[in-house]
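Residue numbers (my numbering): 648 to 947.
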């Protein structure tokens, strides 16, 4: 009977165990709805579906768009953009104060929808096809600089292009609009639980970031605070680049394009990484609709 209090204590402690915490639900992005930011949008209804459809190797297509005000220009920059409604990218190019030409590709969802076509035909061959289409349509125009632009999943194509040394040598800058992801290692294990970003998948972008730091190329990346859950977020991939390069973020509060709220800036040389508030779908879309402002400085 003298052991009864001890037994009761043990039973009582067993009954006080903390309940098991259910795994966090993946967010792609958060289902939350918020009204803090205005989320201004390009006037899509007033933007015609203009441009020349170009057949690409492997059965894919792209669209070449030349703003009328730049059609007679002797020199222009090329924005080779991947993913999203083409009217948004056309609106961004139309806003530029100097000549730009747009080649737009929208091939589906997920980064593999953009990486596989490039890998299938070869990065250099893909760029040759784009260049030939521009030369045929604009024989008097010289493309003097090329910027690869990708929103969301479009980074898959950019990774394939800059992974090829010959293709990478033809590119002057890249613009990533809330779109640089990779797997966790181990697969699916978030960093808060001891996981890490897949450095092998990040290597092409790290190599490009080093070129940007040295001033040889340009690299502009924007990211939101969206946490996908099943793969590394753009915040985590940006942080990987910065920590690997020994670059610190500078906190700030500023208004960005389409009403975005900028929270930090980081960079060195021609590398710039801009962070913005927001964990909802509209916050993610903001980065694409703000492309006009980002494009204007992506080659600086």
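Yeah, the Cβ is synthetic: ideal placement off N, Cα and C, and Gly gets one too.
Exercise. Should residue 669 be labelled buried (16 or more other beta-carbon atoms within 10 Å of its own) or exposed?
Worked result: Interpretation of residue 669 is limited by its pLDDT of 47, a score under 50 that renders its predicted location unreliable; the figure taken from the coordinates is listed afterwards. Exposed, because fewer than 16 other Cβ atoms sit within 10 Å of the Cβ of residue 669.
Exercise. Unbroken alpha helix (DSSP H) runs of length 4 or more, entirely within the region 777-836: which are they?
Worked result: 802-810, 812-815
Exercise. So does the region 774-792 actually touch the region 716-731, counting three or more Cβ pairs closer than 8 angstroms?
Worked result: yes
For this session: Please determine, among 701, 756, 919, the residue with the shortest C-alpha to C-alpha distance to residue 897.
Result: 919
Problem set entry | Inter-residue spacing [alpha-carbon to alpha-carbon] between residue 853 and residue 915 | 13 angstroms
Exercise. Hey, would you say residue 780 sits closer than 8 angstroms to residue 737, going by beta carbons?
Worked result: no
For this session: Inspect the CB distances between the region 764-778 and the region 804-816 and report whether three or more fall short of 8 angstroms.
Result: yes
Exercise. Comparing the C-beta of residue 795 with each C-beta of chain D, is any distance below 8 angstroms?
Worked result: The question asks about chain D, but that chain is absent: this structure has only one protein chain.
Exercise. Straight-line CA distance for residue 851 to residue 751?
Worked result: 22 angstroms
For this session: Determine the burial state of residue 893: buried for a count of at least 16 other Cβ atoms within 10 Å of its Cβ, exposed for fewer.
Result: exposed
Exercise. According to DSSP, which residues form a beta bridge with residue 710?
Worked result: 700, 751
For this session: Look at the alpha carbon of residue 929 and the alpha carbon of residue 869, and state the distance between them as a whole number of angstroms.
Result: 15 angstroms
Exercise. In chain order, what residues of the same chain lie with their CB nearer than 6 angstroms to the CB of residue 687, ignoring the 5 residues before and after it?
Worked result: 905, 906
Problem set entry | Paired residues, beta bridge with residue 765 - DSSP | BP columns for residue 765 are empty, so no partner.
Exercise. Based on the DSSP secondary-structure assignment, which residues constitute the bridge partners of residue 898?
Worked result: 911
Exercise. Using the C-alpha atoms, what's the distance from residue 770 back to residue 921?
Worked result: 28 angstroms
Problem set entry | Closest residue to residue 875 among 942, 931, 858, 909 (Cα-Cα distance) | 931
Exercise. Considering residue 941, what are the terminal residues of the alpha helix (DSSP H) in which it resides?
Worked result: 938-942
Exercise. Quick one: is residue 679 buried, meaning 16 or more other Cβ sit within 10 Å of its Cβ, or exposed?
Worked result: exposed
Exercise. How is residue 905 classed by DSSP in three states: helix, strand or coil?
Worked result: helix
Exercise. Among 704, 700, 734, 701, which residue has its Cα nearest to the Cα of residue 690?
Worked result: 734
Exercise. For residue 927, is the classification buried or exposed, using 16 other Cβ atoms within 10 angstroms of its Cβ as the cut-off for buried?
Worked result: buried
Exercise. In its own chain, which residues sit with a C-beta less than 6 angstroms from the C-beta of residue 826, not counting the 5 before and 5 after it?
Worked result: 797, 798, 799, 801, 802
Problem set entry | Identity of the residues DSSP links to residue 922 by a beta bridge | 870, 911
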